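The next block holds one structure in the form of structure tokens; read it before the comments.
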Amino acid sequence: MQELTHYIGGAHVKGTSGRFADVYNPATGEVQAKVPLANVEEMAQAVDIAAKSQPAWAAVNPQRRARVMMKFVSLLNRDMDKLAEALSREHGKTLPDAAGDVQRGLEVVEYCIGAPQLLKGEFTDDAGPGIDMYSMKQALGVCAGITPFNFPAMIPMWMFAPAIVCGNAFILKPSERDPSVPLMLAELLEEAGLPTGIIQVVNGDKEAVDAILDHDVIQSVGFVGSTPIAEYIYGRGCANGKRVQCFGGAKNHMIIMPDADMDQAADALIGAGYGAAGERCMAISVAVPVGEETADRLVEKLVPRIEALKVGPYTSGKDVDYGPVVTAAAKENILGLVETGIAQGAELVVDGRDFSLQGYEDGFFVGPHLFDRVTTDMDIYQKEIFGPVLSCVRAKTYEEAIGYAMDHEYGNGTAIFTRDGDAARDFASRINVGMVGVNVPIPVPLAYHTFGGWKKSMFGDLNQHGPDAFKFYTRTKTVTSRWPSGIKEGGEFNFKPME
Ligand code: NAD
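Each residue of the sequence shown is one higher than the one before, starting from 9 at the first, in my numbering.
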């Protein structure tokens, strides 16, 4: 059995806590590795190394720091297939989807190459007589990030690339479900020229997370994961005086207006609802058709498409639409919620409960499900399912439809499908959700914009990547300076004794 390591001080180091977690191959259900779970001492060791290494890195000029990112991009491209394969093997998503995971992280690294421009400060000439005032953006010191299982390449890169290019040292605590790619990324960064100790990966669970939250030297914590943990980390991190941003769960609604192109809407729902087995925080899990006739047409178009979905292991290549979910526990939770949906009166139009794949009977595969006539009091509506289960909530009017999305506790992403510019404009303006698509089902902003939800999907002030990341990973220092009149008043030619 492969024993994974931490990456501390530029080397792979074995865990010393004696605690491990199993890392599965979700397609076969086999344990393929064990990952060490760090204790407080192991975390403290990484923090010490980070704190010692960081000042010299912050003193490297921004252009040279950006060059490390440039080189890192070329190494990511070189190793794309290797990274995607390692990612699929632990996560279960298809190979093209895994390459997309790396790619969307890589794009943030590309954005970070602009650091010399993005880190420029502000200057006021002659703010008073002979007085200049200028502001600098300086690194925080040691930063940490805690990431979820569902994007093991993209989300770590969204955090560590801006943190590092701003001159910080970064400690990553990746998900214990799929830790191999984060370890590979740390190695690649050092191959790209990053000095030892600036990126470290400390694997672990709650114990390692608490060690981050309680360590005085760590200045900032970024978290992405489920909402209860986001709330916990935000509370404890802030109480300990850290800068914290936490991104949580989601329940993304897509509103389908009667004038929408129903084929396009159905196609969009298939990709956004079932892609990556629904394990995306920007997945659409609720379809809200407006009007009974729209709903009937939509369901009629969805059913054959859902029944045609190909579910299988990533090793089957491009012939698979989505793979297994991440663990047996995740599968059990999804199927449990499906039972609740039936018990609470939702209409199960496509039933994936009996799905099984020959040769992969122990894999964590879940067949696709479609519920119709879901109501807002049901668990399958209120809870994040994080699986291949789409719920259809029928609305009589546009106002009722927008009201559903507005009233839900989550506010990560949402979309409207319509041909009417006025409806789309009204929706984009009024909706209380952070990322909005107009005829675009998964409106994930590109690297140079920012990513973040509203309501219970986000705790903190600044979004991920884009200009906000450069604010989150720096602090401003403002200097007011006056120079007394000196040498320009005339040369001194005579020897002057010391006064
Ligand atoms: P999770 O909350 O279980 O785990 C996330 C991280 O927190 C992991 O590193 C894990 O080790 C750690 N953790 C787990 N339990 C903890 C505890 N009790 N105390 C301290 N740390 C703990 O989330 P997950 O299952 O890995 O990821 C799926 C969730 O992430 C979904 O809710 C999804 O919506 C969300 N997500 C949100 C975004 C976003 O940007 N809003 C993006 C991706 C995923």
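Virtual Cβ for every residue (Gly too), placed ideally from N, Cα, C. As the structure is a prediction and not an experimental result, all values here were calculated from the model.
Looking at residue i and the ligand NAD, is the gap between the Cβ and the nearest heavy atom below 7 Å?
i, result
"Thr155", "yes"
"Tyr282", "no"
"Lys214", "yes"
"Tyr242", "no"
"Val229", "no"
"Ala423", "no"
"Glu531", "As displayed, the chain neither begins before 9 nor continues past 507, which places residue 531 out of reach and without an answer."
"Ser399", "no"
"Ser465", "yes"
"Ile495", "no"
"Glu239", "no"
"Asn420", "yes"
"Ile226", "no"
"Glu392", "yes"
"Ala336", "no"
"Ile264", "no"
"Ser234", "yes"
"Ile121", "no"
"Cys174", "no"
"Ala258", "yes"
DSSP three-state label for residue i, please.
i, result
"Gly5", "Residue 5 cannot be examined here, being either before or after the span of the chain that is shown, 9 to 507."
"Lys339", "helix"
"Lys90", "helix"
"Val110", "helix"
"Tyr368", "coil"
"Arg5", "With the chain represented from 9 up to 507, any question about residue 5 goes unanswered, as that position is not in the structure."
"His377", "strand"
"Ile57", "helix"
"Val328", "coil"
"Ser143", "strand"
"Ala74", "helix"
"Ser234", "coil"
"Trp166", "helix"
"Ile172", "helix"
"Thr348", "helix"
"Val319", "strand"
"Arg511", "Here the chain comprises residues numbered 9 to 507, so residue 511 is not present and cannot be evaluated."
"Leu202", "coil"
"Ile388", "helix"
"Leu454", "coil"
"Glu355", "strand"
"Arg427", "coil"
"His416", "coil"
Let me check one thing: in DSSP terms, what residues is residue i bridge-paired to?
i, result
"Pro137", "Its beta-bridge partners do not exist; DSSP assigns none."
"Asp30", "Lys42"
"Pro297", "Ile264"
"Leu152", "Going by the sequence as given, residue 152 is Ala instead of Leu. Looking at the DSSP assignment, Ala152 forms a beta bridge with Ile179, Val229."
"Leu398", "Leu378"
"Phe467", "Cys254"
"Gln208", "Ile179"
"Met443", "Gly421"
"Ala403", "Val298"
"Phe157", "Bridge partners of Phe157: none, in fact."
"His20", "Tyr15"
"Gln10", "Ala41"
"Phe459", "Gln472"
"Lys485", "Met144"
"Phe131", "Tyr142"
"Ile292", "Asn260"
"Leu196", "According to DSSP, Leu196 bridges with nothing at all."
My guess is that residue i and residue j are in contact by the Cβ rule of under 8 Å, so how many angstroms apart are they, rounded?
i, j, result
"Gly421", "Ala258", "7 Å"
"Ala268", "Phe425", "4 Å"
"Pro70", "Pro34", "In fact, because the Cβ distance is near 41 Å, the residues do not count as touching under 8 Å."
"Phe159", "Asp222", "Not quite, the Cβ-Cβ distance comes to about 27 Å (not below 8 Å), so this is no contact."
"Ala280", "Ile450", "5 Å"
"Thr323", "Tyr32", "Their Cβ separation, rounded to whole angstroms, is 15 Å, which puts Thr323 and Tyr32 out of contact at 8 Å."
"Tyr368", "Pro297", "Their Cβ separation, rounded to whole angstroms, is 35 Å, which puts Tyr368 and Pro297 out of contact at 8 Å."
"Tyr330", "Gly360", "In fact, because the Cβ distance is near 11 Å, the residues do not count as touching under 8 Å."
"Cys515", "Phe467", "The structure shown has nothing for residue 515, since the chain only spans 9 to 507."
With burial defined as no fewer than 16 other Cβ atoms inside 10 Å of the residue's Cβ, what is the status of residue i: buried or exposed?
i, result
"Phe131", "exposed"
"His20", "exposed"
"Met165", "buried"
"Ser96", "buried"
"Glu347", "exposed"
"Lys339", "buried"
"Ala274", "buried"
"Thr155", "buried"
Looking at chain B, is there any beta carbon in it that lies within less than 8 Å of the beta carbon of residue i?
i, result
"Gly257", "Absent from the structure: chain B. Only one protein chain is present."
Please find out if some non-hydrogen atom of the ligand ATP comes closer than 7 Å to the beta-carbon of residue i.
i, result
"Phe255", "No copy of the ligand ATP occurs in the structure displayed; its ligands are the ligand NAD alone."
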